[in-house]
């Protein structure tokens with residue numbers, strides 16, 4: 004029962020361009036959404052989050068968009084840099100609940 | 011540098027061995043988690059400790075036994091594992107159980123291989 008889905012296992016973009024990573028979820032009770040970045044041999048590192056009362060949250064080059072009616076969120080990275088190359092996990096949870104669910108990840112490669 | 015420290019980084023064990031994975035955080039967080047991640051799969055929740063008490067056990071086999079000796083430490087005791095238990099085991103923490111709008115902080119994981 005995969006409640007959080009990332010349907011693109013990989014994405015390749017040119018340095019300086021926009022990277023758009025997508026995520027879909029099925030549980031309408033989720034109200035807190037996160038993106039994590041993971042380098043090889045390291046644990047996931049928190050990148051950016053958004054609560055269900057918002058539809059956009061921006062932090063520097065990273066912006067997360069939430070479309071609750073479509074149960075869809077996306078992460079935009081502008082401009083993309085080679086150091087952004089990593090696996091990106093989408094995650095979601097109900098607040099006041101410890102059970103955070105993750106997508107399978109999207110491997111982003113940013114080419115110089 | 012991660013603020014959640016996991017040891018060892020790598021572990022190879024036989025099916026009859028007993029071993030333990032260790033996790034430590036000094037951020038004052040009161041919720042700690044064990045996740046298991048297999049290749050090309052999402053991290054899957056195994057256990058949650060809230061204020062040193064086990065609050066979630068996601069139907070994990072008894073060959074995995076968690077322990078939370080104090081608010082900074084979390085162990086995962088392993089016994090009679092199977093080769094399919096080989097995976098990356100991730101520890102995480104958060105400020106308090108069910109923390110509102112608060113992310114989990116992950117360690118770098120222990121890569122476990124069962125032979």
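Protein chains in written order, with my numbering: chain A, 4 to 115; chain B, 11 to 125.
Built from N, CA and C at the ideal position, the CB exists for glycine as well.
**Message:** Buried or exposed for residue 76/A, going by 16 or more other Cβ atoms inside 10 Å?
**Reply:** Within the first chain, residue 76/A is the residue found at index 73, counting from 1. Within a 10 Å sphere around the beta-carbon of residue 76/A sit 16 or more other beta-carbons, which makes this residue buried.
**Message:** At the 9 Å Cβ level, is residue 44/A part of the contact set with chain B, yes or no?
**Reply:** To locate residue 44/A, count along the first chain from 1; it is residue 41. Yes, because at least one Cβ of chain B sits closer than 9 Å to the Cβ of residue 44/A.
**Request:** Could you say if the region 7 to 23 of chain A and the region 82 to 97 of chain A meet the contact criterion of at least three C-beta pairs nearer than 8 Å?
**Result:** With the cut-off at 8 Å, the region 7 to 23 of chain A and the region 82 to 97 of chain A touch.
**Prompt:** So is residue 34/A buried or exposed if we call it buried at 16+ other beta carbons inside 10 Å?
**Reply:** Here residue 34/A refers to the residue found at position 31 of the first chain. By the neighbour-count criterion, in which 16 or more other beta carbons inside 10 Å mark a residue as buried, residue 34/A falls on the buried side.
**Message:** Please classify residue 64/B as buried or exposed, where buried requires at least 16 other C-beta atoms within 10 Å of its C-beta.
**Reply:** Along the second chain, one-based indexing puts residue 64/B at 54. So residue 64/B counts as exposed.
**Message:** Any beta carbon of chain A sitting closer than 9 Å to that of residue 97/B?
**Reply:** Against the second chain, residue 97/B aligns to sequence position 87. It does not: the Cβ of residue 97/B has no partner Cβ on chain A nearer than 9 Å.
**Asked** Do three or more CB pairs link the region 73 to 84 of chain B to the region 58 to 71 of chain A at distances below 8 Å?
**Response** No, they do not touch.
**Asked** Taking contact to mean at least 3 C-beta pairs separated by less than 8 Å, is the region 11 to 26 of chain B in contact with the region 52 to 61 of chain B?
**Response** The region 52 to 61 of chain B and the region 11 to 26 of chain B do not touch, with fewer than three beta-carbon pairs separated by less than 8 Å.
**Prompt:** Within 10 angstroms of its Cβ, does residue 42/B collect 16 or more other Cβ (buried), or is it exposed?
**Reply:** In the second chain, residue 42/B corresponds to position 32, counting from 1. So residue 42/B counts as buried.
**Message:** If contacts are defined as beta-carbon pairs under 8 Å, then residue 24/B and residue 125/B qualify, I think. What distance do you get, rounded to the angstrom?
**Reply:** For the purposes of this step, residue 24/B is identified with residue 14 of the second chain, where counting begins at 1. For the purposes of this step, residue 125/B is identified with residue 115 of the second chain, where counting begins at 1. That pair is a contact at about 6 Å.
**Message:** For a test of the three-state rule: what should DSSP assign to residue 58/A, helix, strand or coil?
**Reply:** On the first chain, residue 58/A is found 55 positions in, with the first residue counted as 1. Residue state, collapsed to three classes: coil.
**Request:** Using a Cβ cut-off of 9 Å, pull out every chain A residue sitting near residue 122/B, in sequence order please.
**Result:** In the second chain, the residue the question calls residue 122/B occupies position 112. Chain A residues near residue 122/B: none, gap ~14 Å exceeds 9 Å.
**Message:** Can you pull the chain A neighbours of residue 60/B, defined as C-beta to C-beta under 8 Å?
**Reply:** On the second chain, residue 60/B is found 50 positions in, with the first residue counted as 1. Those are 101, listed as they occur along chain A.
**Request:** Write down every uninterrupted run of the beta strand (DSSP E) in the region 41 to 94 of chain A whose length is 3 residues or greater and which is fully enclosed by it, in chain order.
**Result:** Listed in chain order, they are 48 to 54, 59 to 62, 65 to 70 and 75 to 80.
**Message:** If I follow the unbroken beta strand (DSSP E) through residue 63/B, where does it start and stop?
**Reply:** Indexing the second chain from 1 puts residue 63/B at position 53. DSSP places residue 63/B inside the beta strand (DSSP E), whose first and last residues are 63 to 67.
**Request:** Flag this pair as touching only if the region 26 to 40 of chain A and the region 67 to 75 of chain A have three or more C-beta atom pairs under 8 Å; answer yes or no.
**Result:** Judged by Cβ distances under 8 Å, the region 26 to 40 of chain A makes contact with the region 67 to 75 of chain A, as three or more pairs qualify.
**Message:** If you measure between the beta carbons of residue 46/B and residue 100/B, is that distance less than 9 Å?
**Reply:** Position 36 of the second chain, counting from 1, holds the residue named residue 46/B. Position 90 of the second chain, counting from 1, holds the residue named residue 100/B. For residue 46/B and residue 100/B, yes; Cβs fall inside 9 Å.
**Message:** Looking at the secondary structure, which residues open and close the beta strand (DSSP E) in which residue 102/B lies?
**Reply:** As a position in the second chain, residue 102/B is number 92, starting the count at 1. Taken as a continuous stretch (DSSP letters only), the beta strand (DSSP E) holding residue 102/B covers 97 to 104.
**Message:** Rounding to the nearest angstrom, what Cα-Cα distance links residue 105/B and residue 57/B in this structure?
**Reply:** For the purposes of this step, residue 105/B is identified with residue 95 of the second chain, where counting begins at 1. For the purposes of this step, residue 57/B is identified with residue 47 of the second chain, where counting begins at 1. Straight-line Cα distance between these residues: approximately 16 Å.
**Per DSSP, cross-strand counterpart(s) of residue 122/A** = Summary: the structure shown does not reach residue 122/A, with chain A confined to residues 4 through 115, and so no result is reported for it.
**Prompt:** Thinking C-beta only, is residue 113/A closer than 9 Å to residue 87/A?
**Reply:** The sequence position of residue 87/A within the first chain is 84, counting from 1. The sequence position of residue 113/A within the first chain is 110, counting from 1. It is a contact, given that the beta carbons lie within the stated cut-off.
**Request:** Give me whichever residues DSSP pairs with residue 120/B in a beta bridge.
**Result:** Start at 1 with the first residue of the second chain, and residue 120/B comes out as number 110. Per DSSP, 99/B.
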